[in-house]
Amino acid sequence: MPELPEVEAAARVARRAVVGRTIDRVVIGHPSIARRWSVSDRRRCHGRRIVALTRRGKSQLLHLDDGGTLVVHFRLDGDWVVDRAGDALPPFARFAIRCTDGRRLVLVDPRALSTVTHHPAAAPPTFALGPEADDPTLTATGLRARLVGRRTSIKSALLDQRILAGLGNIYAAEALWRARLDPRRPAGGLEASELARLLRGIRAALADGVAHLGRYRTGGRTVAWRVYDRAGAPCRRCRTPIATLSQGGRTTYWCPGCQR
DNA sequence: TATTCCCTGTGC
DNA sequence: GCACAGGGAATA
């Protein structure tokens, strides 16, 4: 689930659940999380109030009243479940924040690839991220500046969070399809008009994702992607069968007929 | 700039 | 069985 629209939706769920509340204790449910938590990290969270929850790229930041920060990244499969302390933990619970009023925010993640880290006020987290993919002030010229000289494919560039933050494998493919751009094109070789199309494609793909989140979150995505996961099916624009290729170890879905 | 690994579940 | 899964840090 978690690319920018999904993480943003999850952040809203978590914000409603825990901002303004006080942490009674944190629960660590998997060694992959425990590895990054010292005894002092856990102790410092105890009794702290969560004063705000923000998003940066695909990371969620829980700001504590002592200046500390919890950084949560869902990776491929993470999601929040809100329940009550005392309930049985949901399946695949990997981490949880139990609030003093009994509210509990649980990170569920079958694959256990999600990460949660604590950063004390003296060592706040840093992010080597490009501008947000949905940043309304982003321009084609600005995009060009971030891609100039890049030899990698435009598809791989869109997945590089240092260039643009928030796109993943699905929305990158969807944006390129909307822009009618061949995903193999060198990132630094796109013309101004193509970059303008790409920027529009990114915005349209993200907007579509946001528009359909409700349906997505309540049981299986009912919305059809434009190209993602449609290998062999006819392109929705030109009827050419959708093809796949591997780029940087990820599968790219694209239309050889109308993406140039 | 391109693989390798982290984890576990699912679908072929 | 085995390949693969919407991510990204670490490594070569």
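With my numbering applied, the first sequence corresponds to residues 784 to 1043, in that order. The beta-carbon is built from N, C-alpha and C at its ideal position, and this holds for glycine as well.
Reducing DSSP to helix, strand and coil, say where C828 ends up. Against the first sequence, residue 828 aligns to sequence position 45. In the structure shown, C828 sits in a helix (DSSP, three-state: H, G or I).
By alpha-carbon positions, which one of L941, G949 and A868 ends up nearest to P966? The residue labelled residue 966 in the question sits at position 183 within the first sequence. Of the residues L941, G949 and A868, the one whose Cα lies closest to the Cα of P966 is L941.
Whole-angstrom distance between H813 and R1009, CA atom to CA atom: On the first sequence, position 226 is the one that residue 1009 refers to. On the first sequence, position 30 is the one that residue 813 refers to. So the alpha carbons of these two residues sit roughly 36 Å apart.
Quick check: the region 916-927 against the region 985-993, are at least 3 beta-carbon pairs closer than 8 Å? In short, these stretches touch, since the Cβ pair count reaches three.
Have a look at I937, F875, A879 and C882 and flag the residue whose alpha-carbon is nearest the alpha-carbon of V969. Here residue 969 is taken as the residue at index 186 of the first sequence, counted from 1. For clarity, residue 969 is Pro in the given sequence; the question names Val instead. The shortest C-alpha separation from P969 is found at I937.
Within 10 angstroms of its Cβ, does F857 collect 16 or more other Cβ (buried), or is it exposed? Position 74 of the first sequence holds residue 857. Its Cβ being crowded by 16 or more others within 10 Å, F857 is buried.
Per DSSP, Q1042 forms a beta bridge with which residues? Sequence index remark: in the first sequence, residue 1042 carries index 259 (1-based). BP columns for Q1042 are empty, so no partner.
Give the straight-line distance between the Cα atoms of S815 and I806, rounded to the nearest whole angstrom. Sequence index remark: in the first sequence, residue 815 carries index 32 (1-based). Sequence index remark: in the first sequence, residue 806 carries index 23 (1-based). Distance between the alpha carbons of S815 and I806 is about 22 Å.
Starting from the C-beta of L836, find all residues in its chain whose C-beta is less than 8 Å away, skip the five residues before and the five after it, and write them out in chain order. If you number the first sequence from 1, residue 836 lands on position 53. Closer than 8 Å at the Cβ level, and outside the excluded window around L836, lie A794, A797, R798, V801, V802, Q843, L844, L845 and H846.
Beta strand (DSSP E) containing L844: first to last residue? Stepping through the first sequence from its first residue, residue 844 is reached at position 61. S842 to L847 is the span of the beta strand (DSSP E), which, as asked, contains L844.
Name the DSSP beta bridge partners of F878, please? The sequence position of residue 878 within the first sequence is 95, counting from 1. DSSP output for F878 lists I811 and L890 as bridge partner(s).
Using the Cα positions of H1013 and A962, report the straight-line distance between them to the nearest angstrom. As a position in the first sequence, residue 1013 is number 230, starting the count at 1. As a position in the first sequence, residue 962 is number 179, starting the count at 1. Sequence inspection shows Arg at residue 1013; the His mentioned does not correspond to that position. Straight-line Cα distance between these residues: approximately 17 Å.
The beta strand (DSSP E) spanning S1029 covers which residue range? Looking up residue 1029 in the first sequence gives position 246. Where S1029 is concerned, the enclosing beta strand (DSSP E) stretches over A1026 to Q1030.
At a cut of 8 Å, does the region 874-889 reach the region 943-962 through at least three beta carbon pairs? no
Skipping 5 residues on each side, what residues in its chain have a beta carbon closer than 6 Å to that of H901? Working through the first sequence from its first residue, we reach residue 901 at position 118. Excluding sequence neighbours, H901 sits near D824 and L853.
Does DSSP put W946 in a helix, in a strand, or in coil? If you number the first sequence from 1, residue 946 lands on position 163. Here the sequence assigns Ile to residue 946, which means Trp is not the residue at that position. Here I946 sits in coil by DSSP.
Taking the runs of the alpha helix (DSSP H) that are 4 residues or longer, which of them lie wholly in the region 917-1004? 923-930, 937-942, 952-961, 975-994 and 996-1000
What number of angstroms, rounded off, separates the C-alpha of Y999 from the C-alpha of G861? The residue you call residue 999 lines up with position 216 of the first sequence. The residue you call residue 861 lines up with position 78 of the first sequence. Confidence in Y999 is poor, its pLDDT being 44 and thus under 50, which makes the residue's placement too unreliable to answer from.
Could you check if G992 is buried or exposed, using at least 16 other CB atoms within 10 Å of its CB as the buried criterion? Reading the first sequence from its first residue, position 209 is the one you call residue 992. Buried, because 16 or more other Cβ atoms sit within 10 Å of the Cβ of G992.
Quick one: grab the DSSP three-state call for A792. As a working mapping, residue 792 is identified with position 9 in the first sequence. Here A792 sits in helix by DSSP.
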